[in-house]
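As you go down the protein sequences, you meet chains A and B in turn.
First residue of the first sequence? That's 4 in my numbering, and the numbers climb one at a time after it.
First residue of the second sequence? That's 4 in my numbering, and the numbers climb one at a time after it.
Below: the structure, in structure tokens.
Number of protein chains: 2
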Amino acid sequence: MLRSQFEDELNKLHNQFYSMGTQVSAQLNKAVRAFVSHDKELAEEVIASDEEINYLETKLETKSLEMIALQQPVSHDLRTIITVLKASSDLERMGDHAVSIAQAAINLKGEERIPSVEEDITIMGEKVKNIVDASLNAYMQGDEVRAREIATWDNDINLMFSEIQNKVLEGMKDNTDTIHTGKEYLMTLTYLERIGDYAKNLCEWIVYLKTGKIVEL
Amino acid sequence: MLRSQFEDELNKLHNQFYSMGTQVSAQLNKAVRAFVSHDKELAEEVIASDEEINYLETKLETKSLEMIALQQPVSHDLRTIITVLKASSDLERMGDHAVSIAQAAINLKGEERIPSVEEDITIMGEKVKNIVDASLNAYMQGDEVRAREIATWDNDINLMFSEIQNKVLEGMKDNTDTIHTGKEYLMTLTYLERIGDYAKNLCEWIVYLKTGKIVEL
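Next comes the structure, spelled out in structure tokens:
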């Protein structure tokens, strides 16, 4: 294969990864909206779109493996492919968690809500979407410095996670009619927190892409 | 590098992966024991050992990448390395979840328990440990058929997950003094369920190792 052909393939892979990322981000956004606005139709939409994301992951993995096996790339080219190969699982799991949030939205029966918790979840959802989008942009620009910075945002998300959890528990104690809803809040908080972790993982792969070093941020 | 030298390295990588897996399995076992027997010291031990597991993951990833870059392996050799490269993240995340269970054990203050839930969590913990150990053995033996079978065990774990969750919610409703404990039960159930998912992932990588096909089990 000609070098220019290989470069085209590499570029395509890079763009497909980014495109999968933006789809996952859109899923996350829809899932949180479905949850806080109690929109079951939107939640169903998120669940239905997950198949496409799983398909994209398999496609990216298959293509990455094929390129490694057939082209035997080295240095930066190899790192580009390895990053896609590893980080596509992170994207796919973010997508899975978006589905879990959508499922939680559907589980919410006609029971008692805790409105202030739902406001907090909206804010936390925005923060999580921000870290995902920022990581994807840092990936596109191969910006290692930015990736290191973005990874620190996860602390703020973890802090919010604990605070809202406590608020949910207080709410459940005050009114046991909120216990089933409260469980869905707790689960959704866990999913959001975990998506933040995956975004941090992606940042670690950006550092690898630029430096060849496996780091823990 | 001589073929025999390369084969030695490959074998070493394979064994180190398995060894990391058995350490993760031991962590899981300890974490569940710490949780159900309210043993904070044991929980602290799990938390302290996590660093070693993270170190093993980094070491495996670094070694895998080095072998791909320097040896440019093909076919089954390449697949062996790729499997370690991909599945080491699954092991590391199982380890993270064991730590989260240990953390939940520590969070359990002197509050009201629900003994029957703790019995159920013990049983679910055993089931999860079984799927992890069985997957690791299937990996060691490169047994694709067995891997496909083991992956189906995850359904049983998911079923238990829902059942115990409902029991926890009932318990919380009956006695609001169990709400804080109940939250730790719910979190621990989520971690166990997720570990089952990672074991299923490992099974998918065993299929890839043997067939070169990326599958979803």
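Quick reminder that beta carbons are idealized off the backbone N, C-alpha and C, glycines included.
Shown here for B:Leu59: same chain residues with a beta carbon closer than 6 Å to its own, the five before and five after excluded, namely Met23 in chain order.
Relative to B:Val27, the option among B:Leu94, B:Arg197, B:Ile134 and B:Asn110 whose CA is nearest is B:Leu94.
Below the 7 Å Cβ cutoff, chain A contributes Ala72 as neighbours of B:Val77, in chain order. Interface residue (Cβ-Cβ distance to chain B less than 8 Å): A:Ile85 is classified as such.
By the 16-neighbour rule on beta-carbons within 10 angstroms, A:Pro118 is exposed.
The alpha-carbon of B:Gly128 is positioned some 43 Å away from that of A:Ser78.
Residues of the region 192 to 213 of chain B with a C-beta less than 7 Å from any C-beta of chain A: Thr193, listed in chain order.
The Cβ-Cβ distance between B:Ala51 and B:Leu45 does not fall below 8 Å. Per DSSP, B:Ile160 is one residue of the alpha helix (DSSP H) stretching across Glu147 to Asp177. Between A:Val35 and A:Thr181 the beta-carbon gap is near 20 Å, outside 8 Å, which marks them as no contact. With at least 16 other beta carbons inside 10 angstroms of its own, B:Gln30 counts as buried.
CA-CA distance, B:Glu152 to B:Ile209, rounds to 12 Å.
Cβ neighbours of A:Glu12 within its own chain (closer than 7 Å, five residues either side excluded): Met70. Straight across, the Cα-Cα distance linking B:Leu212 with B:His17 is about 12 Å. In the three-state reduction of the DSSP assignment, A:His41 falls in the coil class. For the pair A:Arg149 and A:Ala137, the Cα-to-Cα distance works out to about 9 Å. For A:Gly98, the enclosing alpha helix (DSSP H) begins and ends at Ser78 to Asn110. Across the region 86 to 97 of chain B, CB contacts with chain A closer than 8 Å involve Leu88, Lys89 and Ser92, in sequence order along the chain. Of all alpha-carbon atoms in A:Arg82, A:Leu5, A:Val171 and A:Leu68, the one lying nearest the alpha-carbon of A:Glu122 is that of A:Val171. DSSP places A:Gln75 in no alpha helix (DSSP H); its state is neither H nor E. Residue ranges of uninterrupted alpha helix (DSSP H) with 4 or more members, entirely inside the region 179 to 215 of chain A and ordered along the chain, are 182 to 214. Taking A:Lys132 as the centre and dropping the five residues before and after it, the same chain places the C-beta of Ser28, Leu31, Asn32 and Val35 closer than 8 Å to its C-beta, in chain order.
In the structure shown, B:Glu129 adopts helical secondary structure according to DSSP, grouped into three states.
In the assembly as shown, B:Leu195 is a buried residue. Its beta-carbon has 16 or more other beta-carbons within 10 Å.
Under the Cβ distance rule, A:His17 does not count among the residues neighbouring chain B, no pair being separated by less than 8 Å. In the same chain as B:His183, and ignoring 5 residues on each side of it, the C-beta atoms closer than 6 Å to its own belong to Glu114, in chain order. With a contact defined as Cβ atoms closer than 8 Å, A:Leu68 and A:Val87 miss out at about 10 Å. A distance below 8 Å separates the beta carbons of B:Ile104 and B:Thr191.
From the beta-carbon of A:Asn57, the residues of chain B found nearer than 7 Å are Glu219. Nearest neighbour of B:Glu147 by Cα position, chosen from B:Thr179, B:Glu48 and B:Glu207, turns out to be B:Glu207. In this structure, the CA atom of A:Thr65 is about 19 Å from the CA atom of B:Lys203. When rounded, the separation of the alpha-carbon atoms in B:Gly199 and A:Glu47 is 25 Å.
Secondary structure of A:Leu59 (DSSP, three-state): helix. Contact of B:His183 with chain A is assigned, a C-beta pair being separated by under 8 Å.
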